[in-house]
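See below for the structure under consideration.
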Amino acid sequence: MRGRLGAAISHGDRVAARGFFERLAGRVMLLEGARRILLTLAAGACAALALPPFDFPAAAFVAFTILVWLLDGVGARPTLARTLIADFAVGWLFGFGYFVAGLWWLGSAMLVNAAAFAVFIPFAVLGLPAVLAVYFGLATVLARRFWPDSAFRILILAASLASFEYLRSFVLTGFPWNEIGVLAAPTPMLMQSVSLIGLHGLSLLAVFVFAAPAVLADRHGRGPVLALAVVVAAAHVGYGAYRLANHATTFVDGVAVSVVQANIAQSDKFDETAAQAIFARQIAVTEKGRESRRPVGGTTAGAGTGVGAQIVDARPKTRTLIVWPESSLPFVLTERPEAVARLADMIQPGETLIAGAPRIEPMASGGERLYNSVLVVDDNGEIVDARDKVHLVPFGEYLPFERYLARYGIMNLTEMPGGFSAGTERRPVPLEGAPSFLPLICYEAIFPSEIAVSAAAERPGFIVNDTNDGWFGMTPGPHQHLRLAELSAVALGLPLVRAANTGISVVTDPYGREIEALALGATGTIEAGLPAAAEPTPYSRLRNLPFFGLLAATFVFGVSVWLFISRQTD
Numbered sequence: 086m087r088g089r090l091g092a093a094i095s096h097g098d099r100v101a102a103r104g105f106f107e108r109l110a111g112r113v114m115l116l117e118g119a120r121r122i123l124l125t126l127a128a129g130a131c132a133a134l135a136l137p138p139f140d141f142p143a144a145a146f147v148a149f150t151i152l153v154w155l156l157d158g159v160g161a162r163p164t165l166a167r168t169l170i171a172d173f174a175v176g177w178l179f180g181f182g183y184f185v186a187g188l189w190w191l192g193s194a195m196l197v198n199a200a201a202f203a204v205f206i207p208f209a210v211l212g213l214p215a216v217l218a219v220y221f222g223l224a225t226v227l228a229r230r231f232w233p234d235s236a237f238r239i240l241i242l243a244a245s246l247a248s249f250e251y252l253r254s255f256v257l258t259g260f261p262w263n264e265i266g267v268l269a270a271p272t273p274m275l276m277q278s279v280s281l282i283g284l285h286g287l288s289l290l291a292v293f294v295f296a297a298p299a300v301l302a303d304r305h306g307r308g309p310v311l312a313l314a315v316v317v318a319a320a321h322v323g324y325g326a327y328r329l330a331n332h333a334t335t336f337v338d339g340v341a342v343s344v345v346q347a348n349i350a351q352s353d354k355f356d357e358t359a360a361q362a363i364f365a366r367q368i369a370v371t372e373k374g375r376e377s378r379r380p381v382g383g384t385t386a387g388a389g390t391g392v393g394a395q396i397v398d399a400r401p402k403t404r405t406l407i408v409w410p411e412s413s414l415p416f417v418l419t420e421r422p423e424a425v426a427r428l429a430d431m432i433q434p435g436e437t438l439i440a441g442a443p444r445i446e447p448m449a450s451g452g453e454r455l456y457n458s459v460l461v462v463d464d465n466g467e468i469v470d471a472r473d474k475v476h477l478v479p480f481g482e483y484l485p486f487e488r489y490l491a492r493y494g495i496m497n498l499t500e501m502p503g504g505f506s507a508g509t510e511r512r513p514v515p516l517e518g519a520p521s522f523l524p525l526i527c528y529e530a531i532f533p534s535e536i537a538v539s540a541a542a543e544r545p546g547f548i549v550n551d552t553n554d555g556w557f558g559m560t561p562g563p564h565q566h567l568r569l570a571e572l573s574a575v576a577l578g579l580p581l582v583r584a585a586n587t588g589i590s591v592v593t594d595p596y597g598r599e600i601e602a603l604a605l606g607a608t609g610t611i612e613a614g615l616p617a618a619a620e621p622t623p624y625s626r627l628r629n630l631p632f633f634g635l636l637a638a639t640f641v642f643g644v645s646v647w648l649f650i651s652r653q654t655d
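Going by this note's numbering, the first residue of the sequence shown is number 86, and it counts up by one from there.
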């Protein structure tokens with residue numbers, strides 16, 4: 086009797102819960118006009134709360150659940166064109182809210198030289214999000230073409246959004262900043278799935294899991310879909326916990342890193358008279374860090390804790406890699422013999438300097454090409470190697486359609502006529518007495534597919550990400566940039582040595598665990614051992630093949646359900 090009563094109460098609770106979600110979904114679906122528009126924008130903005138530095142994934146569950154119900158409420162229009170526009174509008178408005186809330190800080194870059202660029206703040210804060218939101222709009226158009234009256238529709242939504250997030254990574258040079266998968270990776274434990282399926286694959290699974298609460302209002306397919314969502318979420322968490330628990334942080338014997346964060350204001354970098362002072366500050370911070378340097382090495386004791394704590398080791402290091410950030414040398418080094426001499430004096434025996442600097446290369450036809458580069462300087466003060474930035478920032482380092490736009494006084498943010506030239510290849514840099522490294526300058530670190538290709542022929546020992554986030558001040562931008570770089574490193578199983586002018590500088594192991602870090606706006610150095618690389622990950626070997634397989638399986642299953650339900654209805 087007691088068992089029957091308990092079952093009846095349990096059944097009643099489930100019915101009450103379903104009734105609540107049905108009523109809530111109905112209210113969202115029936116919204117019209119301004120209230121519908123505002124809710125869609127708000128839902129997209131809510132999703133951005135799951136991005137760094139807030140890292141609140143619960144917001145994504147709310148956002149994508151509302152997105153599903155909003156799409157449910159798009160009824161058929163008199164013509165196909167009007168139906169497509171209505172479907173597109175939901176995705177575009179959601180995407181616009183997401184990208185404005187997540188990228189508003191881009192306007193800070195326009196204030197570095199406000200007299201010249203403040204007029205472009207609306208384009209940075211509203212124009213770019215409006216363009217990026219097109220991908221979300223097209224994704225919802227695709228999803229709605231195969232939208233079954235069943236809980237399985239969230240599979241179609243997940244596959245559609247993941248497909249267009251993939252396209253966003255390379256179309257028009259690509260801008261995969263704040264891809265949806267980032268929302269599901271706020272900690273090292275929750276980053277590990279990218280080593281299997283990459284960030285695009287994580288985006289697909291993230292949309293499916295985040296949208297799962299929407300099916301609580303459904304009558305068909307609710308149980309299987311919720312069960313699958315729970316399995317996916319548990320696998321994501323469980324794999325991360327397993328990987329961290331079974332892989333301690335190890336260090337490369339005989340190698341240390343000294344990451345320098347001189348914290349130089351971006352406005353000072355445009356003052357040619359300040360070049361010598363900037364150079365002197367870089368050296369002063371470096372030498373002060375050397376005074377506090379101590380031997381480090383060994384293996385972490387924190388396996389399974391997710392914390393890469395070092396064990397101090399008395400063994401002397403034979404090679405120290407001093408890493409300066411992007412544009413840390415505010416002039417062309419080969420044109421300043423006195424600067425070369427000063428570097429030779431600063432770099433001690435057993436040290437190697439890795440520094441971001443401009444590089445000039447004469448052209449056979451006359452003239453010169455200017456590159457944004459990473460230079461490797463040995464302890465004799467000689468430049469022994471260099472790599473040029475391959476993936477330049479549009480409007481930042483070069484101006485698309487320059488001949489046309491220059492007529493209207495528009496120029497790139499670096500205010501250089503012609504801008505930088507792009508490097509021709511990205512490949513690892515060999516080092517004496519240390520593993521090779523793959524240099525990634527600024528936002529090159531947010532393109533894991535490109536990085537995987539570069540590292541395929543010759544696997545480097547670690548990644549050096551030289552960057553200058555001083556453009557963005559004390560905003561979420563530097564936090565987001567760091568997370569994207571960390572995810573790229575974890576995907577490939579490589580340590581990350583990141584030098585940022587104003588922060589955030591960091592050294593992480595190949596699993597994303599921080600060894601040492603310098604906060605945004607801090608001045609100083611990181612003195613740490615160099616973490617050893619992990620074994621090549623499935624993603625580093627297969628790149629996006631697992632994602633394509635997962636995407637195809639999701640689409641095929643979702644479309645099959647749609648076809649089955651359509652035939653049953655007919």
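Heads up, the beta-carbon is just placed ideally off N, CA and C, and yes, glycines get one too.
Predicted model, so just to flag it, every value in this text is computed and none were measured.
Going straight from the alpha carbon of P520 to that of G546, what length do you get?
About 5 angstroms.
With distances taken from CA atoms, which of M448, G266, D157 is nearest R230?
Residue D157 is the option with its Cα nearest to R230.
Are the CB atoms of A243 and V292 nearer to each other than 8 angstroms?
Against a cut-off of 8 angstroms, the Cβ pair of V292 and A243 comes out as a contact.
Using the C-alpha atoms, what's the distance from T587 back to T125?
Roughly 36 angstroms separates the two Cα atoms.
Can the beta-carbon of V345 be found closer than 8 angstroms to that of T610?
Contact: yes.
Please classify R568: is it buried, with 16 or more other beta-carbons within 10 angstroms of its beta-carbon, or exposed?
So R568 ends up on the buried side.
Assuming the contact rule is C-beta atoms closer than 8 angstroms, F184 and L223 should be a hit. Round their C-beta distance to whole Å, please.
A Cβ-Cβ separation of about 14 angstroms leaves F184 out of contact with L223 under the 8 angstroms criterion.
Three-state secondary structure (DSSP) at L188?
If DSSP states are grouped into helix, strand and coil, L188 belongs with the helices.
Cβ neighbours of V392 in the same chain (closer than 6 angstroms, five flanking residues each side left out)
For V392, the predicted model reports a pLDDT of 41, less than 50, meaning its position is unreliable and no value from the coordinates is stated.
Do you know whose CA, among F336, S288, S413, lies nearest A350's CA?
With respect to the C-alpha of A350, the residue from F336, S288, S413 having the closest C-alpha is S413.
What span of residues does the alpha helix (DSSP H) with P271 cover, start to end?
Element bounds for P271: n/a, residue is neither H nor E.
For T385, count neighbouring Cβ atoms within 10 angstroms of its own Cβ and tell me buried if that reaches 16, exposed if not.
Caution applies to T385, whose pLDDT of 47 falls short of 50 and renders its modelled position unreliable; the model cannot decide the point.
Which residues does DSSP pair with A350 in a beta bridge?
A350 pairs with nothing; no bridge assigned.
Could you tell me which of A209, A297, E264 sits nearest to L240, measuring between CA atoms?
The shortest C-alpha separation from L240 is found at A297.
Quick one: what does DSSP say T125 is sitting in, helix, strand or coil?
T125 sits in a helix when the DSSP states are folded into three classes.
For A347, which residues in the same chain have their Cβ closer than 6 angstroms to its Cβ, ignoring the five residues on either side in sequence?
Excluding positions up to five away in sequence, the list reads R366, Q367, V370.
Boundaries (first-last residue) of the alpha helix (DSSP H) holding I363
According to the DSSP assignment, I363 belongs to the alpha helix (DSSP H) that extends over 360–376.
C-alpha gap between A585 and R444, whole angstroms:
Spanning the two alpha carbons is a distance of roughly 19 angstroms.
Evaluate D473 with the Cβ neighbour count: other Cβ atoms within 10 Å of its Cβ, from every protein chain shown; 16 or more gives buried, anything less gives exposed.
With 16 or more other Cβ atoms within 10 Å, it is buried.
Just verifying my parser: in three-state terms, what is the DSSP assignment at T225?
Taken through DSSP and simplified to helix, strand or coil, T225 comes out as helix.
Distance between L290 and N629 (C-alpha atoms, nearest Å)
So the two alpha carbons sit approximately 15 angstroms from each other.
State buried or exposed for A236, treating a residue as buried only when at least 16 other CB atoms are found within 10 Å of its CB.
A236 comes out buried.
Thinking C-beta only, is Y456 closer than 8 angstroms to F691?
Because the chain spans 86 through 655 in this model, residue 691 falls outside it and cannot be assessed.
Span of the beta strand (DSSP E) holding S521?
That run of the beta strand (DSSP E) goes 519–526.
Please report the Cβ distance between V210 and G182, rounded to the nearest whole angstrom; I am assuming they are in contact, meaning their Cβ atoms lie under 8 angstroms.
In this structure, V210 and G182 do not form a Cβ contact; the two beta carbons are roughly 13 angstroms apart against a cut-off of 8 angstroms.
What's the C-alpha gap between Q140 and L268?
Note that residue 140 is Asp in the sequence shown, not Gln. Rounded to the nearest whole angstrom, the CA to CA distance from D140 to L268 is 7 angstroms.
Tell me the DSSP secondary structure of D473 in three-state form.
If DSSP states are grouped into helix, strand and coil, D473 belongs with the strands.
Close Cβ partners of L252 (< 8 angstroms) along its chain, the five nearest in sequence each way excluded
Correct list, in chain order: Y220.
Within the continuous alpha helix (DSSP H) that includes A426, where are the two ends?
Segment 422–431, the alpha helix (DSSP H) holding A426.
Top-ranked residue by Cα proximity to V461, from G441, S450, G451
Closest by alpha carbon: G441.
The beta strand (DSSP E) enclosing G441, as first and last residue numbers
Counting along the chain, the beta strand (DSSP E) containing G441 begins and ends at 436–447.
From V153 to F295, what does the alpha carbon distance come to, in whole angstroms?
So the two alpha carbons sit approximately 10 angstroms from each other.
What's the call for N550, buried or exposed, on a 16-neighbour Cβ count within 10 Å?
N550 comes out buried.
Starting from Y456, trace the beta strand (DSSP E) both ways and give me its first and last residue.
In the DSSP assignment, Y456 falls within the beta strand (DSSP E) that extends over 453–462.
Out of curiosity, what's the CA-to-CA distance linking L579 and P524?
Looking at the two C-alpha atoms, the distance is approximately 12 angstroms.
Do A302 and F106 count as a contact pair if the criterion is CB distance below 8 angstroms?
The Cβ-Cβ distance between F106 and A302 falls below 8 angstroms.
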